[in-house]
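Participant: Mind looking over this structure? Questions follow.
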Amino acid sequence: MPKEKFVLLESTCVPLPFENIDTDQIIPARFLSATSREGFGENLFRDWRYDKSGQIKADFVLNNPAFGGKILVTGKNFGSGSSREHAVWAIYDYGFRAVVSSFFADIFRNNALNNGLLPVVVPEKFLEKLLRLIGSDPFQKVSIDLENQVISVIPDGDAVQFDINPYKKECLLKGLDDIDYLLSRKDLIIAFESSK
Amino acid sequence: MEPKTLFDKIWDSHVVQSVENGPDILFIDRHFIHEVTSPQAFNGLRKRGISVLMPERTLATADHNIPTKDQDKPIKDELSRNQVDRLTENCRENGIEYFGLNHSSNGIVHVIGPELGYTRPGMTIVCGDSHTSTHGAFGAVAFGIGTSEVEMVLATQCILQPRPGKMRITVNGSLGKGVSAKDVIMYIISRISTGGATGYFVEYAGSVIRGLSMEGRMTVCNMSIEMGARGGLIAPDDTTMKYLRDLPSFPEGFSPDFLHGQWNDFQSDPGAVFDRELEFDGSLIRPMITYGTNPGMGMAIDDSIPRINDIKAEDTASFLKSLDYMGFEPGMKLLGHPVDYVFVGSCTNGRIEDLREFARIVRGKKKAAGINALIVPGSKAVERQAVSEGIDIILREAGFELRQPGCSSCLAMNEDKIPAGKYAVSTTNRNFEGRQGPGARTLLASPLVAAAAAITGQITDPREFII
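The listed protein sequences derive, respectively, from chains Z and P.
In this text, residue positions in the first sequence follow our numbering: the first is 12, and each later residue adds one.
In this text, residue positions in the second sequence follow our numbering: the first is 2, and each later residue adds one.
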């Protein structure tokens, strides 16, 4: 089934300068009882956005009207812990299309790539600078060019290359689906099983 | 021939094809599913108009959101009930074996896989749950996946996966009294941090690991994910073979003796190269406890929380945010700190040996006033075994109650929640903010530490109770 393509993204950013943000923070387990993929954005970072009585926590960045955009910039080891893909669905459903960090937990990264949410890994120095920059200027835009694998502060700020598996890059650029790819090799898989 | 690691031997023998400049197409021997991460995958199959390719390779259980009391009655929470009903229907429609609620084989997915003989050396095993690494204790390549990948495995029995790096963690020496497998893995994580093994698959080795029971090895492999590892595994040996031989039965007419001829296939060759090697001295490990909000924030139970000067400048904000959540101060000692709840269970420490350890300490004593305890077996089989050994009676006489199996308060999807602000000593795997309920404060520890807290009402060194 064809998927949404990711080619070039230019957007303001939301800074979340904490490390080791686990998927329980991104979407708490009590919201995992749904059986569809939709609607998780409403509860993204639920317990950081709302207090016990459901009141908005004004000091959390998603509640600050100055900040918005399609790029989430966050501290190292983002998405650790539970394998719940609901975390990616929540981030995507909220409106983000890319997450920038100095490294991602493995399962989260795979889940993101499988859902058209681009995980962009940048050097720690670049990340620190970017967090400072967007933290002090909510209008600062950043460009993520997947074809050339470059993330840059626009119009004329710092830029760095980022890595992505060439197969996954191709899938995102063209909106290709892993399962279609594997299904096209079904005979090979069945033959492999019989030979085991 | 080039010496190979155990991980590479298993991985290589399951590669159907390598995608040029891309991941491998890895054949999956065994796929476990549960109610929470599978419904969207089955919806996906329906949209594609396809069915499960090899249903006999998938096994299902209901564990994550089920109650641990009155399991014979309908599930009260409507969303949870709906999710379990969907799993039941999805399994029936697709011919998947399903150990649902009240089935004599029901339990936490990572507890029942091994005890029912589904988990075996040399296999590739996946499940939409990060603690799938547990099965690595048998010398299997087992790892957690997301729901899109669950759909992929249901549709094709394969997964597209880049090969991770290889790390070996050797723990030599011997363990002191009151020090268990849980302390070993918590010690390792506290030393290398919660992201310290990201990108790697870990092989555990050394005399301490060899000396662990299968239950202990499962605890170690289970928490591999808590340092970011893709998975963890331990080469099978006589302990593994004895465990397998003692099992009542196996699916697919398997016999453990079959493994003997291929013994070399299940060991890393001498001289095999790992991308990273770490070594620890087991005799330095003391009973552990966490003080923060990720599993890397752990220390020996009689130590003090680090001071600000001990923390790297860039980590300070996260460190202080974490202590603020826990209601702790830098430099504080935790021994003697009051505890409100004790939870024993989960895929980390919900097996029979864990209940035995807990019972060993509380036997003949009384639960401290003010302690709420949740003692949850990992499976129906564990529950039956506990009853047959009289553990339920020991618990009852000490003021505890054995509940029914499930994931329970480990992720608090059911009603077993720790109230906001309360301190819970838990034998689980994650002390994340809100993990055991909004505002709950989790202190990860072994069943022995949990038992010592349960009878004293405070954080207590369990070595005081061991002669």
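Where a beta carbon is used, it is the ideal one built from N, C-alpha and C, also for glycine.
Model, not experiment: these values are computed from the prediction.
1. What ranges does the beta strand (DSSP E) occupy inside the segment 292 to 350 of chain P, keeping only unbroken runs of at least 3 residues that lie completely in it?
2. Which bits of chain Z does Cys159/P rub up against, with CB to CB less than 7 Å?
3. Report buried or exposed for Phe150/Z, applying the criterion of at least 16 other Cβ atoms within 10 angstroms of its Cβ.
4. So the alpha helix (DSSP H) Glu135/Z belongs to, where does it begin and stop?
5. On a CA-only basis, which of Ser91/Z, Phe71/Z and Lys136/Z is nearest Phe433/P? Give me that one, please.
6. Measure the C-alpha to C-alpha separation of Gly272/P and Pro39/Z and round it to an integer number of angstroms.
7. CB-CB under 6 Å to Val377/P, same chain, minus the five flanking residues each way: which ones, in chain order?
8. Let me make sure I understand the geometry here. Which of Arg57/Z, Lys152/Z and Glu30/Z has the alpha-carbon closest to that of Thr294/P?
9. Measuring alpha carbon to alpha carbon, tell me which residue in Ser93/Z, Asn122/Z and Lys197/Z is nearest Leu412/P.
10. Could you tell me whether the Cβ of His65/Z comes closer than 8 Å to any Cβ of chain P?
11. Quick one: is Thr317/P buried, meaning 16 or more other Cβ sit within 10 Å of its Cβ, or exposed?
12. For Glu278/P, I'd like the list of residues in its chain whose CB is within less than 6 Å of its CB, leaving aside the five on either flank, ordered along the chain.
13. Using 10 angstroms around the beta-carbon of Asp62/Z, count the other beta-carbons present and answer buried if the total reaches 16, otherwise exposed.
14. What's the gap between the Cα of Ile76/P and the Cα of Gly407/P?
15. What number of angstroms, rounded off, separates the C-alpha of Ala123/Z from the C-alpha of Pro130/Z?
16. Where DSSP assigns a beta bridge to Tyr61/Z, which residues make up the other side?
17. If I measure Cβ to Cβ from Thr6/P and keep anything under 7 Å in the same chain, skipping five residues before and after, which residues do I get?
18. What ranges does the beta strand (DSSP E) occupy inside the segment 97 to 133 of chain Z, keeping only unbroken runs of at least 3 residues that lie completely in it?
19. Between which two residues does the alpha helix (DSSP H) carrying Val383/P extend?
20. Starting from Pro115/P and walking both ways along the alpha helix (DSSP H), at which residues does that stretch end?
21. How far does the beta strand (DSSP E) with Lys28/P in it extend, from its first residue to its last?
22. Along the segment 142 to 170 of chain Z, what residues have a CB closer than 9 Å to any CB found in chain P?
23. Can you tell me where the alpha helix (DSSP H) holding Arg82/P begins and where it ends?
24. Taking only the alpha-carbon atoms, compute the straight-line gap between Tyr103/Z and Phe203/Z and give it to the nearest angstrom.
25. On a CA-only basis, which of Asp189/Z, Pro134/Z, Leu184/Z and Ser112/Z is nearest Cys24/Z? Give me that one, please.
26. Would you give the residue range spanned by the alpha helix (DSSP H) that Ala454/P belongs to?
27. Skipping 5 residues on each side, what residues in its chain have a beta carbon closer than 6 Å to that of Ala451/P?
28. Helix or strand or just coil, what does DSSP make of Ile155/Z?
29. For Leu184/Z, decide whether its Cβ has a neighbour in chain P, counting only Cβ atoms nearer than 8 Å.
30. Applying the 10 Å Cβ sphere with the 16-neighbour rule, what's the burial state of Ala370/P?
31. Contact between the segment 42 to 53 of chain P and the segment 186 to 205 of chain P is defined here as three or more beta-carbon pairs at a separation below 8 Å; is this criterion met?
32. Around the Cβ of Asn121/Z, are there at least 16 other Cβ atoms within 10 angstroms (buried) or fewer (exposed)?
33. Give me whichever residues DSSP pairs with Leu279/P in a beta bridge.
Facilitator: The structure says:
1. Within the segment 292 to 350 of chain P, the complete beta strand (DSSP E) segments at least 3 residues long are 299 to 301 and 342 to 345, listed from N- to C-terminus.
2. Residues of chain Z passing the Cβ test: Leu193 and Ile200.
3. exposed
4. Glu135 to Ser147
5. Comparing Cα-Cα distances from Phe433/P to each of Ser91/Z, Phe71/Z and Lys136/Z, the minimum goes to Ser91/Z.
6. 44 Å
7. Only Thr69, Gly346, Arg404 and Ser409 meet the Cβ criterion.
8. Glu30/Z
9. Ser93/Z
10. The displayed chain sequence assigns Gly, not His, to residue 65/Z. Interface annotation, Gly65/Z: not in contact with chain P, CB-CB separation never under 8 Å.
11. exposed
12. Only residues of its own chain outside the window of five on either side were considered, and among them Arg169 have a CB closer than 6 Å to the CB of Glu278/P, listed in chain order.
13. exposed
14. Distance between the alpha carbons of Ile76/P and Gly407/P: 13 Å.
15. 7 Å
16. Paired residue(s): Ile67/Z.
17. Lys167, Glu204, Ser269, Ala273 and Phe275
18. 109 to 112 and 129 to 132
19. Lys381 to Ser389
20. Val110 to Glu116
21. As written in the sequence, residue 28/P is Phe, which differs from the Lys given in the question. Element bounds for Phe28/P: Asp25 to Phe28.
22. none
23. Glu79 to Asn95
24. 36 Å
25. Ser112/Z
26. Pro448 to Thr457
27. Val343, Val345, Val426 and Thr428
28. strand
29. no
30. exposed
31. no
32. buried
33. Beta-bridge pairing links Leu279/P to Ile170/P.
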